[in-house]
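Participant: Position 141 of the sequence shown, counting from 1, maps to 142 under my numbering, and the rest follow consecutively.
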Amino acid sequence: METIVEDILRWSPERIKELQGKRLREAVSRCFRGHPHYRKLMERQGITPDDIQTIDDLENFPVTTKADFVANPEAFRLQLDDLPVEDQALSRIIYTTGSTTGVPAPVYVTAADHYDYMLRSVRRRDFIDIRKGDLMVSLFPLTPYPMGAAGRAIAEASACGAALLETNPGHSGDLVSPHRRTAEIMELVLEHQPHILWGIPSYVLKFLKSVASTGQQLHRLRVVMVTGEGLSKAMEQNIRDAMTAVGAEDNNVVNRYGSTEQGSAMVECVPGSGFHDLAPDSVFMEVLDPETGKRCPDGVEGELAFTHLNRSGTTLLRFAVGDRAVLSHEPCPHCGRTGSARMVSGPFRSGDIVKVKGTLVNLAAMCDLVSKTPGVEDMQVIVEYKDGLDSLRIRVAPHESVSVDKDSFVDRVQRVVQKATSITPQIETVSMGDLIGAAAAGKLRRVIDQRKES
Ligand SMILES: [Zn+2]
Numbered sequence: 002m003e004t005i006v007e008d009i010l011r012w013s014p015e016r017i018k019e020l021q022g023k024r025l026r027e028a029v030s031r032c033f034r035g036h037p038h039y040r041k042l043m044e045r046q047g048i049t050p051d052d053i054q055t056i057d058d059l060e061n062f063p064v065t066t067k068a069d070f071v072a073n074p075e076a077f078r079l080q081l082d083d084l085p086v087e088d089q090a091l092s093r094i095i096y097t098t099g100s101t102t103g104v105p106a107p108v109y110v111t112a113a114d115h116y117d118y119m120l121r122s123v124r125r126r127d128f129i130d131i132r133k134g135d136l137m138v139s140l141f142p143l144t145p146y147p148m149g150a151a152g153r154a155i156a157e158a159s160a161c162g163a164a165l166l167e168t169n170p171g172h173s174g175d176l177v178s179p180h181r182r183t184a185e186i187m188e189l190v191l192e193h194q195p196h197i198l199w200g201i202p203s204y205v206l207k208f209l210k211s212v213a214s215t216g217q218q219l220h221r222l223r224v225v226m227v228t229g230e231g232l233s234k235a236m237e238q239n240i241r242d243a244m245t246a247v248g249a250e251d252n253n254v255v256n257r258y259g260s261t262e263q264g265s266a267m268v269e270c271v272p273g274s275g276f277h278d279l280a281p282d283s284v285f286m287e288v289l290d291p292e293t294g295k296r297c298p299d300g301v302e303g304e305l306a307f308t309h310l311n312r313s314g315t316t317l318l319r320f321a322v323g324d325r326a327v328l329s330h331e332p333c334p335h336c337g338r339t340g341s342a343r344m345v346s347g348p349f350r351s352g353d354i355v356k357v358k359g360t361l362v363n364l365a366a367m368c369d370l371v372s373k374t375p376g377v378e379d380m381q382v383i384v385e386y387k388d389g390l391d392s393l394r395i396r397v398a399p400h401e402s403v404s405v406d407k408d409s410f411v412d413r414v415q416r417v418v419q420k421a422t423s424i425t426p427q428i429e430t431v432s433m434g435d436l437i438g439a440a441a442a443g444k445l446r447r448v449i450d451q452r453k454e455s
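#1: Grouping DSSP H, G and I as helix and E and B as strand, with all else coil, what is ASN363?
#2: Using the three-state DSSP reduction, which class does HIS309 fall into: helix, strand or coil?
#3: Do you know whose CA, among ARG394, ALA72, GLN381, GLU304, lies nearest ARG447's CA?
#4: Does the beta-carbon of ARG257, which I'm using as the reference point, lie nearer than 7 Å to any heavy atom of ligand 1?
#5: Classify SER100 as helix, strand or coil using the three-state DSSP reduction.
#6: In its own chain, which residues sit with a C-beta less than 6 Å from the C-beta of HIS196, not counting the 5 before and 5 after it?
#7: Would you list the residues whose beta-carbon is nearer than 5 Å to any heavy atom of ligand 1, in the order they occur in the chain?
#8: Tell whether a beta-carbon distance below 8 Å holds between ASP8 and ASP130.
#9: Out of SER313, PRO334, GLY314, CYS297, point me to the one whose CA is closest to GLU493's CA.
#10: For THR4, name the three-state secondary structure that DSSP assigns.
#11: Helix, strand or coil: how does DSSP classify VAL1 here?
#12: Short of 8 Å in beta carbon distance, which residues of its chain neighbour SER372, apart from the five on each side in sequence? Order them along the chain.
#13: In the structure shown, what three-state DSSP assignment does PRO14 receive?
#14: Expressed to the nearest angstrom, what Euclidean distance is found between the alpha-carbon atoms of TYR204 and PRO291?
#15: Could you say which of PRO332, VAL362, ALA306 lies nearest to PHE62 if we only look at CA atoms?
#16: Alpha helix (DSSP H) containing GLY149: first to last residue?
#17: Candidates LEU318, SER346, ILE383: which alpha carbon is nearest ASP324's?
#18: Taking buried to mean at least 16 other C-beta atoms within 10 Å of its own C-beta, is THR101 buried or exposed?
#19: Do ILE95 and MET148 have their beta-carbon atoms positioned less than 8 Å apart in this structure?
#20: Identify the residues that DSSP records as bridge partners of ARG29: which are they?
#21: Ends of the alpha helix (DSSP H) at GLU44?
#22: For GLY264, which option in ALA213, GLU15, PHE320, PRO170 has the closest C-alpha, if you only look at C-alpha atoms?
#23: Taking the continuous alpha helix (DSSP H) assigned at SER211, which residues delimit it?
#24: With GLN21 and PRO332 assumed to form a contact (beta carbons below 8 Å), what rounded beta-carbon distance in angstroms separates them?
#25: Is the beta carbon of LEU310 closer than 8 Å to that of ARG34?
#26: Compute the Euclidean distance between the alpha carbons of GLN80 and PRO170, then round it to the nearest angstrom.
#27: Does DSSP put LEU189 in a helix, a strand or coil?
#28: Helix or strand or just coil, what does DSSP make of GLY248?
#29: Below 8 Å on the Cβ atoms is my contact criterion, and I expect ILE424 with THR374 to pass it. Report the Cβ-Cβ distance as a whole number of Å.
#30: Can you look up PRO375 in the DSSP assignment and give me helix, strand or coil?
#31: Rounded to whole angstroms, what's the CA-CA distance from VAL227 to CYS297? Just pull it up for me.
#32: List the whole-angstrom C-beta distance separating ARG11 from GLY340, where the pair is believed to meet the contact cut-off of C-beta under 8 Å.
#33: What's the C-alpha gap between ALA365 and ASP58?
#34: Would you decide whether GLY273 is buried or exposed? Buried here means 16 or more other CB atoms lie within 10 Å of its CB.
#35: For VAL431, which of VAL397, GLN54, GLY294, ALA246 has the nearest alpha-carbon?
#36: Using 10 angstroms around the beta-carbon of PRO145, count the other beta-carbons present and answer buried if the total reaches 16, otherwise exposed.
Here is the structure:
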């Protein structure tokens with residue numbers, strides 16, 4: 002047990018790199034023997050496992066894109082019948098959103114993958130305050146295709162000796178289903194008085210505000226974990242304020258960055274430290290030059306990619322996740338950890354920098370500015386064709402205090418967007434409920450480029 006929970010993030014970079022190299026050799030050899038996609042790719046490109054002996058050699062391995070994966074997810078599942086039973090037994094299937102088609106793609110998780118996730122959860126306790134005896138509430142929607150985070154909540158809680166309450170939001174229409182409406186969830190959560198809430202930021206905030214509006218308290222609440230959507234500084238502060246408003250014992254907000262495909266999460270040791278890679282023994286992170294596929298040095302922005310080092314279900318090598326970021330391997334100035342990469346800038350969605358009316362616009366940066374504008378609760382930007390021209394439509398949910406003076410509020414938002422992009426947007430004020438209600442599975446997409454999706 003000692004070695005399992007050892008904080009390997011305090012190992013020297015050299016020692017980590019050596020371990021990663023050893024695991025990479027095993028992973029590549031397994032893929033060559035029994036991974037339909039990579040076996041074919043390696044044969045086609047004349048690559049043998051001997052060519053990929055170290056983390057540095059990995060630079061010569063082709064990049065896998067999300068499009069490659071969703072085109073044939075079954076081909077990414079490792080199939081070897083000579084591995085230990087834990088590496089062959091299927092523990093669960095989770096689904097990742099498809100590319101533009103929206104068809105979810107299955108991600109296979111073996112027992113070994115599941116155990117590995119639980120062990121990493123134990124290691125994460127240094128970053129996330131989950132205590133033995135805590136009660137955690139999952140506010141993730143109950144979806145027909147199980148989401149990664151929803152399934153992992155039970156693994157994480159149980160690994161840390163906490164209990165989990167699943168609330169099953171996501172009621173839709175007249176369908177007879179076990180989903181609960183927000184009022185029912187509120188009643189249930191108030192009865193249980195949890196220490197930790199975990200969900201999608203916009204839904205967690207909506208939930209806490211509903212509780213606050215009734216004057217009832219969640220006095221044991223200490224931690225809110227959020228994942229699945231970008232979290233602006235303004236949103237983070239709104240959640241903290243909402244925790245205070247429900248009488249929470251503490252107001253820690255933990256933003257988790259990860260992906261269903263990766264099967265791991267990156268978190269900050271303190272707000273603003275940058276996301277730490279918490280599993281350098283399971284996942285190798287790098288940033289790539291999108292043109293050449295070569296690894297970018299520290300401090301240079303590129304496409305974030307990861308390589309599974311010990312997966313036995315769905316296995317991905319040099320998988321470009323679709324986000325841009327800057328990594329650093331310098332010791333963290335806050336916690337002093339030396340053993341893994343930290344994302345010092347980003348993540349930015351690659352699709353966030355787009356051409357609108359002939360001008361390159363960083364929609365992520367613009368969203369951040371609008372979110373910080375006084376009176377803005379949350380927002381969504383839609384890029385669309387209107388009368389044959391590109392146009393920018395911003396849907397903004399004003400804070401309750403704004404209702405008296407909507408015109409000047411709209412002007413204010415418009416000025417922020419004009420200053421950031423030199424484009425005059427159409428501003429639409431909507432309620433927070435409308436903004437979240439329109440989102441599939443309660444997940445608010447801040448940027449929608451309808452030109453690509455139509
Ligand atoms: Zn740190």
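Glycine residues also receive a C-beta, built at the ideal position from the N, C-alpha and C atoms.
None of the values given here were measured: they were computed from a predicted structure.
Facilitator: Looking at the coordinates:
#1: Walking along the sequence shown from the start, residue 363 turns up at place 362. In the structure shown, ASN363 falls within a strand segment according to DSSP collapsed to helix, strand and coil.
#2: Taking the first residue of the sequence shown as 1, we reach residue 309 at position 308. Taken through DSSP and simplified to helix, strand or coil, HIS309 comes out as strand.
#3: Taking the sequence shown and counting its residues from 1, the one referred to as residue 447 is at position 446. The residue with the shortest Cα to Cα distance from ARG447 is GLN381.
#4: Mapped onto the sequence shown, residue 257 falls at position 256. No, the beta carbon of ARG257 sits no closer than 7 Å to any heavy atom of ligand 1.
#5: To locate residue 100, count along the sequence shown from 1; it is residue 99. Confidence at SER100 is low in this model, with a pLDDT of 48, below 50, so the placement of that residue should be treated as unreliable; the coordinate-derived value is given next. DSSP places SER100 outside both helix and strand once states are collapsed to three, so it counts as coil.
#6: What you label residue 196 is simply residue 195 of the sequence shown in a count that begins at 1. Annotation for HIS196: ASP135, LEU136, ARG221, ARG223 place their beta carbon closer than 6 Å to its own, counting only its chain and skipping 5 residues before and after.
#7: Those satisfying the condition are, in chain order, CYS270, SER274, CYS333, HIS335, CYS336.
#8: Residue 8 sits at position 7 when you count from the first residue of the sequence shown. Residue 130 sits at position 129 when you count from the first residue of the sequence shown. For ASP8 and ASP130, no; Cβs fall outside 8 Å.
#9: With the chain covering only 2 through 455, there is no way to say anything about residue 493.
#10: If you number the sequence shown from 1, residue 4 lands on position 3. Low per-residue confidence applies at THR4: pLDDT is 38, beneath 50, and the placement is therefore not dependable, though the value from the model is reported in the following sentence. Residue state, collapsed to three classes: helix.
#11: Not covered by the structure: residue 1. The range shown for the chain is 2 to 455.
#12: Here residue 372 is taken as the residue at index 371 of the sequence shown, counted from 1. Within the same chain, SER372 has close Cβ partners SER233, LYS234, ALA235, MET236, ASP379, MET380.
#13: Taking the sequence shown and counting its residues from 1, the one referred to as residue 14 is at position 13. Looking at PRO14 - three-state DSSP - the assignment turns out to be helix.
#14: Taking the sequence shown and counting its residues from 1, the one referred to as residue 204 is at position 203. Taking the sequence shown and counting its residues from 1, the one referred to as residue 291 is at position 290. Cα-Cα distance, rounded: 34 Å.
#15: Numbered from its first residue, the sequence shown carries residue 62 at position 61. When each option's Cα is compared against that of PHE62, the closest is ALA306.
#16: Indexing the sequence shown from 1 puts residue 149 at position 148. Here the alpha helix (DSSP H) through GLY149 covers 149–160.
#17: Within the sequence shown, the letter at position 323 stands for residue 324. If we check each option's Cα against that of ASP324, SER346 comes out closest.
#18: The sequence position of residue 101 within the sequence shown is 100, counting from 1. Note that THR101 scores a pLDDT of 48, beneath 50, so its modelled location is shaky; the value from the coordinates is reported in the next line. By the Cβ neighbour-count rule, THR101 is exposed, with fewer than 16 other Cβ atoms within 10 Å of its own.
#19: For this step, residue 148 is matched to residue 147 along the sequence shown. For this step, residue 95 is matched to residue 94 along the sequence shown. Yes.
#20: The sequence position of residue 29 within the sequence shown is 28, counting from 1. The sequence shown places Val at residue 29, not Arg. Beta-bridge analysis with DSSP links VAL29 to no other residue.
#21: Stepping through the sequence shown from its first residue, residue 44 is reached at position 43. Residues 37–46.
#22: Position 263 of the sequence shown holds residue 264. Per the Cα distances, PHE320.
#23: Within the sequence shown, the letter at position 210 stands for residue 211. Taken as a continuous stretch (DSSP letters only), the alpha helix (DSSP H) holding SER211 covers 202–215.
#24: Against the sequence shown, residue 21 aligns to sequence position 20. Against the sequence shown, residue 332 aligns to sequence position 331. Not a contact, Cβ separation roughly 18 Å.
#25: Taking the sequence shown and counting its residues from 1, the one referred to as residue 34 is at position 33. Taking the sequence shown and counting its residues from 1, the one referred to as residue 310 is at position 309. For ARG34 and LEU310, no; Cβs fall outside 8 Å.
#26: Here residue 80 refers to the residue found at position 79 when the sequence shown is read from its first residue. Here residue 170 refers to the residue found at position 169 when the sequence shown is read from its first residue. Distance from the CA atom of GLN80 to the CA atom of PRO170, rounded to whole angstroms, is 36 Å.
#27: Here residue 189 refers to the residue found at position 188 of the sequence shown. In the structure shown, LEU189 sits in a helix (DSSP, three-state: H, G or I).
#28: Translated into positions along the sequence shown, residue 248 becomes position 247. Assigned with DSSP and collapsed to three states, GLY248 falls in coil, not helix or strand.
#29: Counting from one through the sequence shown, the residue named residue 424 turns up at place 423. Counting from one through the sequence shown, the residue named residue 374 turns up at place 373. No, ILE424 and THR374 are not in contact; Cβ-Cβ is about 16 Å, not under 8 Å.
#30: Locating residue 375 in the sequence shown gives position 374, counting from the first residue. The answer is coil: DSSP assigns PRO375 none of H, G, I, E or B.
#31: To locate residue 227, count along the sequence shown from 1; it is residue 226. To locate residue 297, count along the sequence shown from 1; it is residue 296. Cα to Cα, the separation comes out at about 29 Å.
#32: Locating residue 11 in the sequence shown gives position 10, where the first residue counts as 1. Locating residue 340 in the sequence shown gives position 339, where the first residue counts as 1. Taking the Cβ atoms as the reference, ARG11 lies roughly 6 Å from GLY340, within the contact range of under 8 Å.
#33: Along the sequence shown, read from residue 1 onward, the residue named residue 365 stands at position 364. Along the sequence shown, read from residue 1 onward, the residue named residue 58 stands at position 57. Rounded to the nearest whole angstrom, the CA to CA distance from ALA365 to ASP58 is 33 Å.
#34: The sequence position of residue 273 within the sequence shown is 272, counting from 1. Counting Cβ neighbours within 10 Å, GLY273 comes out exposed, since fewer than 16 surround it.
#35: Within the sequence shown, the letter at position 430 stands for residue 431. Considering only alpha carbons, the answer is VAL397.
#36: What you label residue 145 is simply residue 144 of the sequence shown in a count that begins at 1. So PRO145 counts as exposed.
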